[in-house]
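So for the sequence shown, the numbering used here puts the first residue at 53; every next one is plus one.
In this text, a Cβ means the ideal position worked out from N, Cα and C, and glycines have one as well.
Predicted model, so just to flag it, every value in this text is computed and none were measured.
What follows is one structure encoded as C-alpha cells, with my remarks underneath.
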Amino acid sequence: MIESKTIKPIIQVFFVFWVVSCFVACSKKEAEEKATQSEEIITVYSERKEHLIKPLFDLYTEKTGVKIQYITDSAGPLIARLSSEKEATKADIFMTVDAGNLWLASDRGVLQAIDSDALTNNIPASLRAPNNEWFGLSKRARTIIYSTERVKPEELSSYEALGDEKWKGRLCLRTAKKIYNQSLVATMINTLGESETADVIKSWVANLATDPFSNDTLTMEAVAAGQCDVAVVNTYYFGRLVKEKPDTPLALYWPNQDGRGVHINISGAGITRHAKNPSGAQKLLEWLSSEEAQFTFADLNMEYPVNENVKPGEIVSSWGEFKSDDVNVESAGRMQAQAIRLMDRAGYN
Ligand code: FE
Numbered sequence: 053m054i055e056s057k058t059i060k061p062i063i064q065v066f067f068v069f070w071v072v073s074c075f076v077a078c079s080k081k082e083a084e085e086k087a088t089q090s091e092e093i094i095t096v097y098s099e100r101k102e103h104l105i106k107p108l109f110d111l112y113t114e115k116t117g118v119k120i121q122y123i124t125d126s127a128g129p130l131i132a133r134l135s136s137e138k139e140a141t142k143a144d145i146f147m148t149v150d151a152g153n154l155w156l157a158s159d160r161g162v163l164q165a166i167d168s169d170a171l172t173n174n175i176p177a178s179l180r181a182p183n184n185e186w187f188g189l190s191k192r193a194r195t196i197i198y199s200t201e202r203v204k205p206e207e208l209s210s211y212e213a214l215g216d217e218k219w220k221g222r223l224c225l226r227t228a229k230k231i232y233n234q235s236l237v238a239t240m241i242n243t244l245g246e247s248e249t250a251d252v253i254k255s256w257v258a259n260l261a262t263d264p265f266s267n268d269t270l271t272m273e274a275v276a277a278g279q280c281d282v283a284v285v286n287t288y289y290f291g292r293l294v295k296e297k298p299d300t301p302l303a304l305y306w307p308n309q310d311g312r313g314v315h316i317n318i319s320g321a322g323i324t325r326h327a328k329n330p331s332g333a334q335k336l337l338e339w340l341s342s343e344e345a346q347f348t349f350a351d352l353n354m355e356y357p358v359n360e361n362v363k364p365g366e367i368v369s370s371w372g373e374f375k376s377d378d379v380n381v382e383s384a385g386r387m388q389a390q391a392i393r394l395m396d397r398a399g400y401n
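The structure is reproduced here in C-alpha cells:
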C-alpha cells in the first residue's frame with residue numbers, strides 16, 4: 053500500500069516532465085525549421101512580366117517561408133548578363149517567354165540540366181528541352197484571327213492557305229524581327245522543309261495589306277479597323293483585347309486541324325548553370341508545374357496550362373478545343389537562324 057502511494061506521484065511527475073520536454077523540443081524544432089526556411093532565398097531573372105509572376109512567388113513564400121527575389125528584363129540582356137556574370141551570378145532561375153529564347157540560353161551555356169520526375173510528369177515532352185535544361189510552364193497558341201464582318205470561318209483552313217490569291221491585300225502580320233513569328237516559321241521549316249516554307253512566306257508577303265506591325269495588338273487593331281481581314285497572333289493578346297472591348301468584331305480560327313495542328317509556344321524556365329540554390333530552385337519550378345500553381349500561372353495571362361490535369365480559365369476555355377502541333381518546341385530555337393534567313397530572303401521584314 054505504502055509503496056503504491058509513493059510510486060503514483062513519481063509517475064505523475066515524470067509524465068508531466070515528459071509532456072513539457074516534448075512540447076519544448078517540438079516548438080524548438082518548429083522554430084529552427086522556420087529559421088532555416090526564412091533564410092532560404094531564390095533569385096530569378098525573368099522576362100515574364102512582374103504582374104504575371106509576383107502573385108505566384110508571394111503564394112510560394114507564404115506556403116514555404118522561402119523568399120524569392122527577381123529582376124525583370126528582356127531575354128537578350130538577361131542571357132548576356134548570365135554569360136558575363138558566370139560564377140558570380142545571383143540568379144538561380146532564368147525565366148522567359150518563347151522556346152526560342154530558352155533554347156538560346158541553353159545554347160549559350162547559362163543553364164544546367166535538372167533530373168526531376170515531377171517536372172517530366174507534369175510537363176509534356178514536346179514542351180520541355182530534350183536535354184532537361186528548360187521546361188515550359190505555360191502554353192501559348194499562335195493562331196489566325198479574322199474579321200467577323202468580312203470573313204466567314206469556312207474560308208479559312210491553314211497558315212499556308214493565307215498565301216492564297218483570295219487573301220491578296222487582306223493579310224496583316226507582325227514583324228519578322230520579333231521572335232514569335234521566327235518561332236512559327238522555324239517550326240514550319242521543321243515540318244514542311246525549307247523550300248516549301250520559303251514558298252509559303254513569299255505568298256504571305258505578296259498578300260500583305262500593309263507593312264508588318266511591331267506587335268500583335270496593333271496587328272489585331274488593324275484587322276478590326278478594316279485595314280486587313282486576317283492575321284496571325286497569340287491568343288492571349290486576343291483575350292486581352294476582347295476583355296477590354298467585348299464588341300471587337302474579331303474571332304479566333306484554329307488552322308491546320310486536318311494536319312499538324314495549331315502552332316504552340318511556351319513561357320518557361322530553367323536553372324542557371326551557376327545557381328547558388330539549385331535545390332530550392334528545382335522545388336520552385338516543380339511547384340510552378342504542379343496542379344496547385346498551374347491554373348494561376350496560365351490564367352494570369354490567359355494562356356493554357358502545360359499540366360494536362362489543369363483546365364484553362366473560363367475565357368480561354370470558351371475559345372474551344374483544338375489540335376495542337378506537338379513538334380518539340382525546341383525546334384523553334386534550333387531552326388531560328390534558318391528561319392530568319394528564309395524570311396529575309398522572302399522579303400518579310
Ligand atoms: Fe507576348
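So with Cβ pairs under 7 Å, would you call residue i a contact of chain D?
i: residue 382; result: Reference to chain D is not applicable here, since this structure consists of a single protein chain.
Start and end of the beta strand (DSSP E) containing residue i?
i: residue 190; result: 187-199
i: residue 286; result: 282-286
i: residue 337; result: Careful: residue 337 lies outside any beta strand (DSSP E), inside the alpha helix (DSSP H) at 330-340.
i: residue 147; result: 145-149
i: residue 96; result: 93-98
i: residue 302; result: 302-305
On the CB-based measure, 16 or more other CB atoms within 10 Å of its CB, does residue i come out buried or exposed?
i: residue 351; result: buried
i: residue 250; result: buried
i: residue 268; result: buried
i: residue 161; result: exposed
i: residue 315; result: buried
i: residue 332; result: buried
i: residue 126; result: exposed
i: residue 287; result: buried
i: residue 449; result: Given that the chain is displayed from residue 53 to residue 401, the structure contains no residue 449 and the question cannot be resolved.
i: residue 399; result: exposed
i: residue 206; result: exposed
i: residue 84; result: Reliability of the predicted coordinates at residue 84 is poor, the pLDDT of 47 falling under 50, and no value is obtained from them.
i: residue 239; result: buried
i: residue 153; result: buried
i: residue 401; result: exposed
i: residue 212; result: buried
i: residue 278; result: exposed
i: residue 281; result: buried
Going straight from the alpha carbon of residue i to that of residue j, what length do you get?
i: residue 285; j: residue 225; result: 8 Å
i: residue 148; j: residue 325; result: 16 Å
i: residue 321; j: residue 210; result: 31 Å
i: residue 389; j: residue 397; result: 12 Å
i: residue 133; j: residue 169; result: 30 Å
i: residue 283; j: residue 223; result: 6 Å
i: residue 275; j: residue 383; result: 30 Å
i: residue 220; j: residue 259; result: 4 Å
i: residue 323; j: residue 122; result: 14 Å
i: residue 203; j: residue 339; result: 43 Å
i: residue 195; j: residue 91; result: 45 Å
i: residue 345; j: residue 104; result: 12 Å
i: residue 155; j: residue 186; result: 8 Å
i: residue 192; j: residue 317; result: 5 Å
i: residue 172; j: residue 183; result: 12 Å
i: residue 272; j: residue 290; result: 8 Å
i: residue 135; j: residue 163; result: 10 Å
i: residue 356; j: residue 150; result: 14 Å
i: residue 296; j: residue 197; result: 17 Å
i: residue 146; j: residue 228; result: 25 Å
i: residue 342; j: residue 166; result: 16 Å
i: residue 218; j: residue 371; result: 26 Å
i: residue 112; j: residue 294; result: 31 Å
i: residue 256; j: residue 214; result: 6 Å
i: residue 110; j: residue 349; result: 12 Å
i: residue 131; j: residue 201; result: 44 Å
Start and end of the alpha helix (DSSP H) containing residue i?
i: residue 136; result: 127-137
i: residue 103; result: 102-116
i: residue 321; result: Premise fails: residue 321 lies in the beta strand (DSSP E), 315-324, not in any alpha helix (DSSP H).
i: residue 119; result: First-last for residue 119: 119-124, but that is the beta strand (DSSP E), not the alpha helix (DSSP H).
i: residue 279; result: Residue 279 -> no alpha helix (DSSP H), and no H or E assigned at all.
i: residue 4; result: Summary: the structure shown does not reach residue 4, with the chain confined to residues 53 through 401, and so no result is reported for it.
i: residue 348; result: 343-351
i: residue 256; result: 246-259
i: residue 383; result: 382-386
i: residue 166; result: Taken as a continuous stretch (DSSP letters only), residue 166 belongs to no alpha helix (DSSP H), as it is neither H nor E.
i: residue 369; result: 366-370
key: Validate contact between the region 306-323 and the region 231-250 using beta carbons, cut 8 Å, 3 pairs   = yes
task = Check whether the region 296-309 touches the region 367-377, counting contact only when three or more Cβ pairs, one atom from each stretch, lie closer than 8 Å.
result = yes
request  = May I ask you to verify whether the region 169-186 touches the region 376-396, counting CB pairs closer than 8 Å and requiring at least 3?
outcome  = yes
inquiry  = Three Cβ pairs or more, each shorter than 8 Å: is that satisfied between the region 141-159 and the region 97-108?
reply    = yes
Touching by the beta-carbon criterion (3+ pairs, under 8 Å), the region 150-166 and the region 287-307 = no
key: Stretch-stretch touch, CB-based, cutoff 8 Å, three pairs: the region 289-306 with the region 103-120   = no
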